[in-house]
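First up is the structure itself, then whatever we jot down about it.
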Amino acid sequence: MLKVLRYLLIGLLVVLAGFPVYWMATTALSLNSELYGTGQVIWPQLQNLPELWRELGQVPIGLWLFNTLLIAAGGTVLSLTLGSLAGYALSRFRFHGKGLVGFLLFMTQVVPEALILVPLYAMFITFGLLNSLIGLVLANVGFSLPVACFVLKGAMDAVPYEIEESAIIDNCPRFSVLTMIILPLIMPSIAAAAVVAFFAGWNEFLFASTFLMDRGNWPASVGLASFVGQYETPMSAVMGAALVFSLPAVVFFLLIQRKIVAGLTAGAVKG
Amino acid sequence: MPALTFKNVSKNFGDHSVIKAFNADIHDGEFLVLLGPSGCGKSTLLRMIAGLSDITSGDLRFDGQIANDWEPKRRGVAFVFQTYALYPHMTVRENIAFPLIMDAFRKWYHLPVVNIIARHRLMRRSDIAERTLKMARQLELEPLLDRRPASLSGGQRQRVALARALVRDPSLYLLDEPLSNLDAKLRTQMRSEISALHNKVGKTFVYVTHDQVEAMTMASRIIIMDKGVVQQVDTPDNVYDNPANTFVAKFIGSPPMNLIPASVRPSGLMLSGEIAVEHREALPSRREAMFGIRPEKLELKPVGEGRLPARVAVIERLGAETVIGCRFITGKDDAGELLIEQDLVFVRVSGNPKMQIGEACSLDYRSEDVLWFDVDTGQRLS
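Order-wise, the sequence lines are chains E and D. All residue numbers for the first sequence refer to the numbering used here, where the first residue is 882 and numbers rise by one. All residue numbers for the second sequence refer to the numbering used here, where the first residue is 5 and numbers rise by one.
Put into structure tokens, the structure is as follows:
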């Protein structure tokens, strides 16, 4: 009986989580006339696929997706690289102002993005980063780096110090201790931080819509928003683009979730 | 192969002093054991030798050169950690080969990604592969070479840690209680193997343990420590036969040396304030002293034949020998009252005597087997 209830609950959660995807697919494969008419289309109409393809072909959705990928991947790589170095320093070294550094990193999460939009805009003009994907990556890293740093620092704290000392005794330089010993041991946390940083970049909209004027530089999020017209919004195209926009992120998550497992340090030390 | 010299070496953690003015010389090629109870500072001392802990004050010299600030790499040591400290993401083979691979690494091999390729290539290099295999065979790890530490037992992990330290050719071997997690049989085997290895390589070994059997069987010299202070530095025989103080006398030997408060009287000795003993040779020049005698130096005799009347309180039959714990019987006891001493007086006899608990007996000794200690300081009296 308890098992049945458990499966019922799981089923309910699956329906709740999957409903938006279903709705998106159904809407994407419906004609606008069907959407604005009476009666609800229940199942995705696959015969409308060529029509959806034609509508999406009118916008450079491939380029936008590529831009999104650059922003998300660039931000992820930069956040993880800098985050692992900063996390290691915060985890293993004692220095003046360590607490302050932690506090300041935390404060970046408290500041709303909209609040720093204008100062950032001024800075981007000064540094020539306006309308550039690199600028957008840097702006995003400002927010995802502290998260990555905290996540990785926490994971490094849990790595027994003796493993590191053992590597030092074995003639392993400090940098290699980090890259060859510590980082492989905290792979689950790196994967978790990567998910956070990647999705922060993938879903980026505010900075992108403000700093990127050139249509060719837009990420998919801004491109998606451009479908909304003054008099008309092609809902099926919007949902179709949104579906295409979601798929790479889902694939990324499915690939990386296998890394998010615990217990990699098992067997390292006694106890 | 460096000779090590400690000159007034101290280590403080905040206000807490862990090692106080440590002075010692570790000779080239010797097997030195640091022995003491938990928390006495012996592991800290080993870490200071390895360069893993800073020295608060004093000098540590390697071959006469002050090495206080030397990096671990420059010291050329191998270290076996008490907690194994294995690399859990590497196989046993990779763990053992890691020091060899690091020695073979060029500077640019340390670049990320490059290090992965370089490591895989070096793992296949014939000299590294052979040495790894040889060490694994020596420690009976060959069937486990492709397994990860998480799937090994405690003893197997400890052997991997030992193999990783021994596979290199360092000038100094530092071992921090390396056998603490092995079962009795394997411990005995590894004791012999480490001793054999020391004889074979002829390098300096510094070995930390709280197990006196390990210390007595393996050491060429022992440093006994308590609360960060050196109690005695000597050969195992001398530490046992001529302890410098009551701490050493109690710490070395199982059961430990019998220490009985004694008053020197013109007529002889008064032990524990109750038992008058006829004893006039080799007495200390002071009135009160601590009478020390090893259990095997006491003789167990039938009632009336020895100078110390006693009653059996504990019997530990060990097969080849028997340890008997006795309580002295005073004159009052003859009237039926038993004076209970705080500590038992232990006697070690060979074989398996047919004694019963509660049975009366007597103990005796030779005057030259008695060691005298100061009652207040615990120091040995000459």
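Idealized CB from N, CA, C, for every residue including glycine.
Cα-Cα separation, residue i to residue j
i	j	result
LEU883 of chain E	ASP1038 of chain E	40 Å
THR213 of chain D	LEU179 of chain D	9 Å
GLU915 of chain E	LEU1128 of chain E	25 Å
ARG298 of chain D	SER47 of chain D	29 Å
GLY40 of chain D	PRO247 of chain D	14 Å
PHE10 of chain D	TRP112 of chain D	37 Å
LEU910 of chain E	VAL922 of chain E	10 Å
ARG1096 of chain E	LEU961 of chain E	29 Å
GLY1082 of chain E	MET905 of chain E	22 Å
SER199 of chain D	MET261 of chain D	27 Å
PHE987 of chain E	PRO1027 of chain E	7 Å
ASP378 of chain D	ARG141 of chain D	52 Å
GLN216 of chain D	GLY257 of chain D	8 Å
SER965 of chain E	SER972 of chain E	10 Å
VAL1109 of chain E	ILE121 of chain D	51 Å
ILE1137 of chain E	MET1061 of chain E	20 Å
TRP376 of chain D	ASN249 of chain D	9 Å
GLN939 of chain E	ASN1098 of chain E	17 Å
ALA1020 of chain E	PHE1088 of chain E	8 Å
GLY62 of chain D	HIS93 of chain D	39 Å
ASN356 of chain D	ILE319 of chain D	10 Å
VAL1131 of chain E	TYR903 of chain E	15 Å
GLY968 of chain E	ILE1067 of chain E	12 Å
SER386 of chain D	GLU363 of chain D	36 Å
LYS77 of chain D	ILE1049 of chain E	7 Å
LEU1017 of chain E	ALA1118 of chain E	26 Å
VAL316 of chain D	VAL349 of chain D	10 Å
GLU1085 of chain E	GLY943 of chain E	17 Å
SER224 of chain D	GLY206 of chain D	12 Å
PRO1041 of chain E	VAL1077 of chain E	26 Å
GLY892 of chain E	LEU959 of chain E	39 Å
ALA1036 of chain E	SER354 of chain D	58 Å
PHE1005 of chain E	LEU1011 of chain E	5 Å
GLY323 of chain D	GLU303 of chain D	19 Å
VAL164 of chain D	PRO182 of chain D	11 Å
Inter-residue CB distance, residue i and residue j (contact presumed, cutoff 8 Å)
i	j	result
GLU936 of chain E	PRO1115 of chain E	6 Å
LEU186 of chain D	ALA167 of chain D	Between ALA167 of chain D and LEU186 of chain D the Cβ distance is about 14 Å, and since that is not below 8 Å, they are no contact.
MET106 of chain D	ASP1051 of chain E	5 Å
GLY43 of chain D	PRO174 of chain D	Not really, about 28 Å apart at Cβ, beyond 8 Å.
THR136 of chain D	ARG97 of chain D	6 Å
LEU64 of chain D	VAL13 of chain D	6 Å
LYS332 of chain D	GLU282 of chain D	For clarity, residue 332 of chain D is Phe in the given sequence; the question names Lys instead. Not confirmed; about 15 Å, so no contact.
LEU170 of chain D	ALA54 of chain D	Wrong, their Cβ atoms sit about 15 Å apart, outside the cutoff.
MET294 of chain D	LEU263 of chain D	5 Å
GLU1045 of chain E	ILE1063 of chain E	7 Å
Near the ligand MG: residue i beta-carbon under 7 Å from a heavy atom
i	result
LEU889 of chain E	No copy of the ligand MG appears in this structure; indeed no ligand is present at all.
Cross-strand partners of residue i (DSSP beta bridge)
i	result
ILE132 of chain D	In DSSP, ILE132 of chain D forms no bridge with anything.
GLU320 of chain D	D:VAL327
TRP376 of chain D	D:PHE295 and D:LEU385
ARG352 of chain D	D:VAL327
GLN236 of chain D	D:ILE228
LYS305 of chain D	D:SER366
SER269 of chain D	First, the amino acid is wrong: residue 269 of chain D is Arg here, not Ser. Bridge partners of ARG269 of chain D: D:GLY272.
ARG315 of chain D	D:ARG331 and D:ALA364
LEU263 of chain D	D:GLY296
VAL210 of chain D	D:LEU36 and D:LEU178
THR9 of chain D	D:ASP29 and D:ARG65
ILE279 of chain D	D:LEU275
ASN249 of chain D	D:GLN383
ASN16 of chain D	D:SER21
VAL2 of chain D	This structure gives no information on residue 2 of chain D, because the portion of chain D shown stretches from 5 to 386.
Environment of residue i [buried if 16+ CB atoms lie within 10 Å]
i	result
ARG384 of chain D	buried
GLY1121 of chain E	buried
LYS358 of chain D	exposed
HIS20 of chain D	exposed
PHE275 of chain D	For the sequence presented, residue 275 of chain D should be read as Leu rather than Phe. Under this definition LEU275 of chain D is a buried residue.
LYS1034 of chain E	buried
ARG269 of chain D	exposed
MET1094 of chain E	exposed
ask   = What are the complete alpha helix (DSSP H) segments, minimum 4 residues, inside the stretch 1039 to 1082 of chain E?
value = 1042 to 1050
key: Continuous alpha helix (DSSP H) assignments of at least 4 residues falling wholly in the stretch 30 to 69 of chain D   = Fully enclosed alpha helix (DSSP H) runs of 4 or longer: 46 to 54.
inquiry  = Restricting to runs no shorter than 4 residues, where is the alpha helix (DSSP H) found entirely within the stretch 83 to 129 of chain D?
reply    = 96 to 108 and 118 to 127
request  = Return the chain-ordered ranges of every beta strand (DSSP E) run that is complete within the stretch 145 to 208 of chain D and spans a minimum of 3 residues.
outcome  = 176 to 180
task = Output the residue ranges of the alpha helix (DSSP H) runs that lie fully inside the stretch 884 to 967 of chain E and measure 4 residues or longer, sorted by chain position.
result = Fully enclosed alpha helix (DSSP H) runs of no fewer than 4 residues occupy 913 to 917 and 930 to 937 of the stretch 884 to 967 of chain E, in order along the chain.
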